[in-house]
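*Asks:* Take a look at the following structure, please.
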Amino acid sequence: MNSATQILLVIASFILAISVLVGLILISTSLFQIKGLLKTKNKLLIQTNRPYVICRRINKQTVEIRNVGNTPATIDNIQSDNLDLSYLNQKDIFAGQFFTYPIDQNQDLNISISYRDQINQFRDKFSI
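Per our numbering: the sequence shown = residues 60 to 187.
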(Lines of atoms letter the chains of each structure in order from A; the text may use other names.)
(Lines give C-alpha, C1' and ligand atoms only; values in the text may rest on other atoms or scores of the structure.)
Protein backbone atom coordinates (compact mmCIF):
# COMPACT_ATOMS: atom_id res chain seq x y z
CA MET A 60 0.00 0.00 0.00
CA ASN A 61 1.30 3.40 -0.80
CA SER A 62 1.16 6.33 1.57
CA ALA A 63 -1.74 8.05 -0.22
CA THR A 64 -3.94 4.98 0.28
CA GLN A 65 -2.98 4.79 3.93
CA ILE A 66 -3.83 8.47 4.47
CA LEU A 67 -7.21 7.97 2.78
CA LEU A 68 -7.93 4.93 5.01
CA VAL A 69 -7.01 6.90 8.14
CA ILE A 70 -9.23 9.81 7.07
CA ALA A 71 -12.12 7.43 6.25
CA SER A 72 -11.70 5.67 9.62
CA PHE A 73 -11.64 9.03 11.39
CA ILE A 74 -14.81 10.19 9.59
CA LEU A 75 -16.50 6.86 10.37
CA ALA A 76 -15.58 7.11 14.08
CA ILE A 77 -16.90 10.69 14.30
CA SER A 78 -20.12 9.64 12.53
CA VAL A 79 -20.66 6.80 15.01
CA LEU A 80 -19.98 9.14 17.94
CA VAL A 81 -22.42 11.77 16.63
CA GLY A 82 -25.03 9.04 16.06
CA LEU A 83 -24.65 7.77 19.64
CA ILE A 84 -25.02 11.30 21.01
CA LEU A 85 -28.18 11.91 18.95
CA ILE A 86 -29.68 8.56 19.97
CA SER A 87 -28.92 9.27 23.65
CA THR A 88 -30.59 12.69 23.58
CA SER A 89 -33.60 11.20 21.81
CA LEU A 90 -33.92 8.49 24.46
CA PHE A 91 -33.81 11.07 27.27
CA GLN A 92 -36.51 13.12 25.51
CA ILE A 93 -38.68 10.02 25.11
CA LYS A 94 -38.17 9.16 28.79
CA GLY A 95 -39.29 12.66 29.83
CA LEU A 96 -42.35 12.50 27.59
CA LEU A 97 -43.33 9.10 28.98
CA LYS A 98 -43.05 10.40 32.56
CA THR A 99 -45.25 13.38 31.70
CA LYS A 100 -47.81 11.18 29.97
CA ASN A 101 -47.84 8.79 32.93
CA LYS A 102 -48.49 11.66 35.36
CA LEU A 103 -51.36 12.91 33.20
CA LEU A 104 -52.88 9.43 33.03
CA ILE A 105 -52.64 9.06 36.80
CA GLN A 106 -54.32 12.44 37.34
CA THR A 107 -57.06 11.61 34.85
CA ASN A 108 -57.81 8.12 36.13
CA ARG A 109 -57.74 8.67 39.87
CA PRO A 110 -60.69 9.10 42.22
CA TYR A 111 -61.51 12.57 43.56
CA VAL A 112 -63.73 12.44 46.64
CA ILE A 113 -65.16 15.84 47.52
CA CYS A 114 -67.46 17.21 50.22
CA ARG A 115 -69.70 20.16 49.55
CA ARG A 116 -72.81 21.83 50.82
CA ILE A 117 -75.65 21.45 48.32
CA ASN A 118 -77.99 23.78 50.14
CA LYS A 119 -78.15 25.13 53.68
CA GLN A 120 -79.36 21.83 55.10
CA THR A 121 -77.57 19.16 53.05
CA VAL A 122 -73.97 18.01 52.70
CA GLU A 123 -72.88 15.82 49.82
CA ILE A 124 -69.90 13.46 49.64
CA ARG A 125 -69.22 12.57 46.00
CA ASN A 126 -66.61 10.82 43.90
CA VAL A 127 -66.07 13.11 40.91
CA GLY A 128 -63.14 11.06 39.61
CA ASN A 129 -63.13 8.36 36.95
CA THR A 130 -62.33 5.36 39.15
CA PRO A 131 -63.81 3.90 42.33
CA ALA A 132 -62.35 4.72 45.72
CA THR A 133 -62.38 3.01 49.08
CA ILE A 134 -62.93 5.36 52.01
CA ASP A 135 -60.40 4.40 54.67
CA ASN A 136 -61.33 6.98 57.27
CA ILE A 137 -63.76 9.88 57.41
CA GLN A 138 -63.98 12.25 60.36
CA SER A 139 -66.11 15.25 61.15
CA ASP A 140 -66.42 17.41 64.25
CA ASN A 141 -70.23 17.48 64.20
CA LEU A 142 -71.39 14.49 62.14
CA ASP A 143 -71.02 10.78 62.78
CA LEU A 144 -69.83 9.49 59.41
CA SER A 145 -67.87 6.53 60.74
CA TYR A 146 -70.19 4.01 59.10
CA LEU A 147 -68.69 5.10 55.74
CA ASN A 148 -65.28 3.76 56.74
CA GLN A 149 -64.13 0.94 54.43
CA LYS A 150 -66.99 1.60 51.98
CA ASP A 151 -66.46 1.80 48.24
CA ILE A 152 -67.65 4.90 46.44
CA PHE A 153 -67.84 4.50 42.69
CA ALA A 154 -67.31 7.17 40.04
CA GLY A 155 -70.27 9.54 40.13
CA GLN A 156 -71.72 8.01 43.30
CA PHE A 157 -72.64 10.31 46.17
CA PHE A 158 -74.02 10.31 49.70
CA THR A 159 -76.10 13.14 51.15
CA TYR A 160 -76.58 14.02 54.82
CA PRO A 161 -78.92 16.46 56.51
CA ILE A 162 -77.29 19.08 58.76
CA ASP A 163 -78.36 22.08 60.78
CA GLN A 164 -78.89 25.20 58.71
CA ASN A 165 -76.01 27.31 60.07
CA GLN A 166 -73.67 24.51 61.01
CA ASP A 167 -70.01 24.83 60.01
CA LEU A 168 -68.28 21.54 59.29
CA ASN A 169 -64.71 20.35 59.01
CA ILE A 170 -64.50 16.99 57.27
CA SER A 171 -61.33 14.96 56.78
CA ILE A 172 -61.35 12.03 54.34
CA SER A 173 -58.68 9.41 53.69
CA TYR A 174 -59.37 7.28 50.64
CA ARG A 175 -57.49 5.09 48.19
CA ASP A 176 -57.69 3.45 44.82
CA GLN A 177 -55.87 0.26 43.85
CA ILE A 178 -52.47 2.01 43.73
CA ASN A 179 -52.35 5.26 45.73
CA GLN A 180 -53.72 6.75 48.93
CA PHE A 181 -55.18 10.27 49.18
CA ARG A 182 -56.20 12.59 52.02
CA ASP A 183 -58.33 15.74 51.78
CA LYS A 184 -59.79 18.21 54.25
CA PHE A 185 -62.90 20.27 53.64
CA SER A 186 -64.35 23.25 55.50
CA ILE A 187 -68.01 23.60 54.70
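Using N, Cα and C, we set each Cβ at its ideal position, and we do this for glycine too.
Leaving out five residues on either side along the sequence, give the residues of the same chain with a beta carbon under 7 Å from the beta carbon of residue 130.
*Replies:* So the list reads 108, 109, 110, 154 and 176, once near-sequence residues are dropped.
*Asks:* Tell me, please, which residues DSSP counts as bridged to residue 132.
*Replies:* DSSP output for residue 132 lists 152 as bridge partner(s).
*Asks:* Can you give me the C-alpha to C-alpha distance between residue 179 and residue 104, rounded to a whole angstrom?
*Replies:* Residue 179 and residue 104: Cα-Cα distance of roughly 13 Å.
*Asks:* What's the C-alpha gap between residue 89 and residue 83?
*Replies:* Roughly 10 Å between the two C-alpha positions.
*Asks:* Could you give the uninterrupted runs of the beta strand (DSSP E) lying entirely in the region 75–138, keeping only those of 3 residues or more?
*Replies:* 112–118 and 121–126, all fully within the region 75–138.
*Asks:* Just confirm the distance between the C-beta atoms of residue 159 and residue 121, as a whole number of angstroms; I'd bet it's less than 8 Å.
*Replies:* The pair is a contact, with the Cβ atoms about 5 Å apart (cut-off 8 Å).
*Asks:* For residue 69, count neighbouring Cβ atoms within 10 angstroms of its own Cβ and tell me buried if that reaches 16, exposed if not.
*Replies:* Counting Cβ neighbours within 10 Å, residue 69 comes out exposed, since fewer than 16 surround it.
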